[in-house]
Structures are given as structure tokens and as C-alpha cells.
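Please read the structure below before turning to the comments.
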Amino acid sequence: MKRILLPAGGAILATGMLAAGLAGTANANPDWAYDTMAKDAPSAVAVAKFWLGANHLTNNLAKATPYTWETKATPKLNASGGYTPDGKPGVVNPIGEEKKTAAKIKNINLPRTIGKVFFVDSEGGLKWCSATSIQSKYRNLVATAGHCVYDDKKNASVMDNWVFVPAYYQGKAPYGVFVGKQAYTHYDYSVYNDRDRDYAFVTVYNGVQVGGGTAKEVSEKDYDAFTTGPKFTKTTVISEAEYKKCKDLNGKETAACHINTDKKPGEVVGPDFPGAVAVSQEVTKEVWDNAPAGNGNGAKLPVTPADVEHVTKAAYEAYTGPGYRKIDDNGNYTITHYKLRYWVKDSSKDIEYVKTTFYIVDGFIKDSGRLGEVVGGQGFTWNQKTGQTVFAFGYPADAHPDGNKAYTGVTPKWTYGKTSGKVYVSAAEKVEEHVGLKSSFTPGADGGPWLVKYSNAKRLGYVNGVTSLFGDQDKNNRYDLITSPYFDGETATIYNKAAAVWSGSIVK
């Protein structure tokens with residue numbers, strides 16, 4: 018997606034300098050910037066279908082691989098100094114604030130808010146990171162790493178086809194997919210690739226579930242108008258009496274009922290012959306195009322929806338009959354049957370009365386609700402002291418630098434411990450102040466939340482970081498450290514901007 022940087026609150030001046038973004042800040046540039054992802058409902062529906070498949074034939078979620086932001090462990094991160102908060106600590110409670118519980122935890126209940134974000138990177142790869150649902154005014158916000166939203170290889174463009182899948186498990190999206198609408202990040206990360214601001218907050222539309230609907234019989238008109246999912250026809254042989262009920266007031270055939278014959282009748286008569294019956298013979302499209310119009314023998318019959326057969330790809334490729342093969346605009350494989358009319362003497366053995374019934378898969382794409390109402394949302398906190406116990410969640414997947422593969426990435430994992438009291442610095446990664454946590458997590462866990470005061474009973478806590486870097490501190494070719502940007506008042510400013518943005522439903 019082409020990037021259009023929108024520094025919120027600031028305007029481009031004649032001198033080329035940026036006006037101050039937030040009243041009361043000392044910065045020359047605004048703290049926050051945002052970018053549009055799926056701009057409207059049709060765009061968002063297309064993104065959802067891209068991942069889940071419009072005809073139950075594809076599921077790109079299962080094809081995606083972890084977004085390996087770095088090809089090897091970060092060079093040893095040097096620890097030095099401490100943290101100086103830029104203001105007072107702040108807290109936003111989670112959706113369904115947890116009660117006080119005992120601190121003893123043996124088995125961790127994995128929160129439903131944890132999931133994966135899926136996207137297409139600048140090289141066209143299907144990729145994913147970890148993320149979480151987080152509290153917001155409209156219950157529609159996701160927190161993850163900045164590098165899981167903005168593509169460094171593409172001039173900091175937002176990733177294409179970005180979606181969040183909460184509670185992702187073994188290729189399944191139990192609560193549907195939530196398509197990204199707007200991405201919010203720190204201006205310094207967006208412009209200068211400042212890794213100390215490697216976080217992002219993304220507003221998402223209501224979730225949608227694609228597929229899984231039930232077949233519903235509809236009229237020809239509704240069948241023809243239905244374009245948002247699979248549809249099919251069913252043909253059955255009926256009696257002459259049933260056929261006559263299908264005729265309209267002018268005595269012509271309707272689209273639902275007609276007379277069929279597998280061969281050209283041997284005794285053809287004129288249309289005015291007493292008892293003459295109209296039958297059809299299938300021909301190629303070329304013959305049909307050159308046939309005359311009208312009511313006489315050999316005249317072309319109008320093509321109706323009943324003549325358009327929806328088939329599988331295998332049947333489409335194996336078909337050798339006279340029907341015209343075509344792949345329609347929705348990617349459906351069709352065979353259109355073109356027919357000529359002939360008038361014959363009434364003979365029941367040569368005539369077959371046929372009824373075509375029309376079906377659509379109702380509920381093929383449906384609204385699954387606002388993210389926070391479906392799975393809840395973690396709280397948010399900033400300017401907290403380090404050295405607290407945090408639980409980090411995510412989907413680690415890649416092997417360690419020595420080739421050992423401890424995780425698969427198909428199920429969520431957790432790790433916990435006390436964060437470092439010193440900052441971690443890496444000139445190579447433009448890091449001057451990261452918080453560290455001892456962990457064997459591997460890439461794939463990128464963007465996963467760090468939760469303080471996590472309640473195992475309620476599966477809720479407060480997001481106070483997101484996994485950004487992976488380090489090998491003892492240089493034994495095994496990851497032993499993960500780091501996160503320090504969440505301060507500027508982080509809270511960006512969160513507050515994103516948390517106040519409406520998104521809404523993409524399903525009519």
C-alpha cells in the first residue's frame with residue numbers, strides 16, 4: 018500500500034518545517050502519526066476474503082509464515098543506566114476489570130485476546146506476527162510491534178491486507194478476522210525508524226466470518242443478484258402437470274421450468290401444428306450466435322441463469338461437451354449451455370420436464386461483532402517502574418540461531434519474569450532504551466504483549482510493552498532475551514489517539 022504519512026495535529030509550513038503536534042509539548046514534531054489501511058467496507062471485505070477464501074477453496078492464514086524481521090540474533094545488548102519516566106504513571110483498565118486474586122499461579126490460562134496479525138509484506142510474502150486486543154472507547158483496538166505494521170523495506174509503508182485473528186489456533190479463526198482500518202505509531206518510528214518506538218496501535222473493523230453458512234432456496238431474481246458468496250442450482254425431473262404450473266400468463270417457459278431433450282427430435286413440425294411441443298437442443302456458442310431469433314425451428318433460445326452451470330475446477334477442466342466454459346468475475350468456474358428451439362409432435366418418450374431450483378449460501382459473510390465485545394481487551398499502563406513481574410505472550414516459531422526449533426508457532430505460548438532495571442542499548446538496531454526480559458522466545462513472538470498484574474482467573478492484565486528484539490546474551494547461539502520499548506507518556510499519547518477512533522461494521 019502506498020504510504021501517505023499523516024502527522025496528526027501538525028501542518029507543513031512554508032519553510033518545510035513541521036508545526037508542533039500537541040499543545041504543551043516541547044517537541045518540534047508531533048508525537049504521533051497515522052496511516053489508512055483498508056479505507057472502506059468493500060476494501061475490508063476483499064481483505065477478509067483474501068485470507069479466508071471467497072469460495073471455501075483457499076485459506077491463506079494456514080499458508081503464512083512468521084515475519085522474520087531479523088535474520089540472526091541481535092548483537093549483544095549492552096545494559097546501562099536506568100529509566101527516567103517522562104511523567105506520572107497512568108493506567109487504563111481492561112475490558113471487564115479483573116478482581117484481586119492470589120499471586121500463586123501454576124497453570125497459566127491463555128487469554129483470548131492474544132492472537133496473530135497477518136499481512137502481505139513488500140516482497141509479496143504471506144506473513145504473521147503476534148498481537149493482542151486492548152481496551153479502547155469503541156472496543157476496536159489492537160496492540161503490536163511497529164515492525165509488524167510498517168514495512169521497513171518499503172519506505173515505512175503500512176503492510177498490505179492486514180488483519181488480526183484473536184485466539185488463533187492451528188490455522189483456525191474461531192472469532193473471525195478483524196481487518197485493520199488505521200495504524201497509529203510514534204512519529205519518530207514512522208519517519209526515522211527509531212526502534213525505541215517499535216510499537217503500533219491499530220483500529221480494526223468489526224470482525225467477519227467468511228463461509229460456514231447454510232444453503233437457502235431463493236428466487237431466480239435473488240439468485241442472480243447475489244454476489245457475495247457461493248451459489249448453485251439443482252435440476253430435477255418433474256411431471257407435465259408440475260411443468261404447466263411453472264408457466265407464466267403468456268404460456269412461455271420460465272427460467273425455473275423447461276422441456277429438455279437429449280437429441281434432436283426425428284419428427285419436426287411447425288409451431289402452429291396441433292399439439293406441437295417446443296423442445297431444445299444444445300449447441301455450441303458459435304452455432305447459437307449464428308442462429309436466427311424468433312419462434313421458428315432452429316431459433317435461438319434465450320440464455321437463463323438455469324443454463325449457467327457452476328462446477329468445480331476439476332469438472333471445468335475435464336469438460337468436453339458443446340457448452341461454453343468461462344471463469345466469472347467472482348472466480349467461479351462456469352459452463353454455459355446454449356440451446357436452439359425445435360417444434361415436435363407431442364411424444365412423452367421424447368420429452369423431459371425439468372425444474373431448476375436456485376440456492377445461495379446464506380450467511381456466507383457475517384458480522385461477528387466488535388473485537389473487545391467478542392474476546393475482551395487488555396488494559397494499558399505507562400511510566401511504570403521496571404523490575405516488575407510481567408507475562409509475555411506470543412506465537413514463537415523460528416529456530417534458534419544454532420538451528421534448534423523449540424516452537425511451532427501454531428499455538429500461543431507464554432513466558433514470565435521480572436524486567437531489567439537497566440536499559441538495553443544496540444547501535445546496530447537504533448536502540449537506546451529497551452526493557453529486557455530473560456526468555457527463550459524466538460521470532461514469531463514479535464508484537465506479543467507484555468502484561469503486568471496479570472490475573473490468571475480473569476485472563477486480564479495491563480499492556481506495558483510488546484516484544485521487539487531477540488538477543489543472545491551469552492553467545493551460545495540460543496535466544497535468551499527479549500526486549501520491548503519502554504512505554505512512557507508519549508506512548509500513552511499515541512494510544513489515546515488510536516483508542517478514540519471509530520471503525521464500525523463492513524457487512525451490510
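Numbering (the numbering used here), first residue to last: 18 to 525. For each residue, glycine too, the CB sits at the ideal point set by N, CA and C. Here the structure is a predicted model, which means the values were calculated and not measured.
Do residue i and residue j have their CB atoms nearer than 8 Å?
i, j, result
"G461", "Y424", "yes"
"A148", "F195", "no"
"W179", "A81", "no"
"L78", "F136", "no"
"S153", "G393", "no"
"T250", "Y376", "yes"
"W49", "Y201", "yes"
"Y503", "V448", "no"
"S437", "Q226", "no"
"D415", "D103", "no"
"G482", "V108", "no"
"W467", "S443", "no"
"A509", "L158", "no"
"E234", "T374", "yes"
"L454", "A409", "yes"
"V518", "Q199", "yes"
"N129", "G389", "A small correction: the amino acid at residue 129 is Arg; Asn does not occupy that position in the sequence shown. Their beta carbons are not under 8 Å apart, which means R129 does not touch G389 by this criterion."
"P183", "G132", "yes"
"A162", "T403", "no"
Provide the residue span of the beta strand (DSSP E) that contains residue i, from first to last.
i, result
"Q472", "According to the sequence displayed, residue 472 carries Ser and not Gln. Where S472 is concerned, the enclosing beta strand (DSSP E) stretches over 466-472."
"N178", "177-183"
"S147", "143-151"
"N277", "274-277"
"G506", "Per DSSP, G506 belongs to no beta strand (DSSP E); it is in the alpha helix (DSSP H), 506-516."
"E299", "294-300"
"Y333", "Premise fails: Y333 lies in the alpha helix (DSSP H), 330-335, not in any beta strand (DSSP E)."
"F408", "406-411"
"K238", "Looking at the DSSP string, K238 is not in any beta strand (DSSP E); the run it does join, the alpha helix (DSSP H), is 237-242."
"K435", "430-435"
"R495", "Premise fails: R495 is in no beta strand (DSSP E) and is neither H nor E."
"F136", "131-137"
"V427", "Note, V427: premise wrong, no beta strand (DSSP E); not H, not E."
"G396", "396-399"
"Y186", "Y186 -> no beta strand (DSSP E), and no H or E assigned at all."
"V108", "107-109"
"R342", "341-344"
"T353", "350-353"
Could you tell me which residues DSSP pairs with residue i in its beta bridges?
i, result
"Y216", "Bridge partners of Y216: none, in fact."
"D52", "A200"
"T484", "For T484, which the question treats as bridged, DSSP gives no partner whatsoever."
"S443", "V448"
"G224", "G386"
"P502", "H451"
"R358", "S297, A316"
"K233", "I377"
"L158", "I151, T220"
"T321", "T321 pairs with nothing; no bridge assigned."
From what residue to what residue does the alpha helix (DSSP H) around residue i run?
i, result
"I523", "Note, I523: premise wrong, no alpha helix (DSSP H); not H, not E."
"K528", "As shown, the chain starts at 18 and ends at 525. That puts residue 528 outside it, with no answer to give."
"V62", "58-69"
Using a 10 Å radius around the Cβ and a threshold of 16 neighbouring Cβ atoms, would you call residue i buried or exposed?
i, result
"D306", "exposed"
"D215", "buried"
"E507", "buried"
"N267", "Low per-residue confidence applies at N267: pLDDT is 48, beneath 50, and the placement is therefore not dependable enough to give any value."
"G464", "buried"
"A65", "buried"
"V294", "buried"
"V427", "exposed"
"K56", "exposed"
"S456", "buried"
"D213", "buried"
"K121", "Bear in mind that the predicted position of K121 carries a pLDDT of just 41, short of 50, making it unreliable; the figure below should be weighed with that in mind. The residue in question, K121, is exposed, as its Cβ has fewer than 16 Cβ neighbours within 10 Å."
"D324", "buried"
"D205", "buried"
"S236", "exposed"
"T88", "Because the pLDDT of T88 is 43, which lies under 50, any placement of that residue in the model is unreliable, and the question is left without a value."
"A40", "Residue placement at A40 is flagged as unreliable, the pLDDT there being 30, under the threshold of 50; a coordinate-derived value is accordingly withheld."
"G340", "buried"
"A258", "exposed"
"P319", "exposed"
Is any beta-carbon of chain C found at less than 8 Å from that of residue i?
i, result
"T53", "The structure shown contains no chain C; it is built from a single protein chain."
Between the segment 343-362 and the segment 290-309, can you find at least three pairs of beta-carbon atoms closer than 8 Å?
Counting Cβ pairs under 8 Å, three or more are found: they touch.
If contact is defined by three or more beta carbon pairs under 8 Å, each pair taking one atom from either stretch, is the segment 217-224 in contact with the segment 189-203?
Cβ pair count under 8 Å is three or more, so yes.
Between the segment 327-338 and the segment 309-318, do three or more beta carbon pairs fall short of 8 Å?
The segment 327-338 vs the segment 309-318: no contact.
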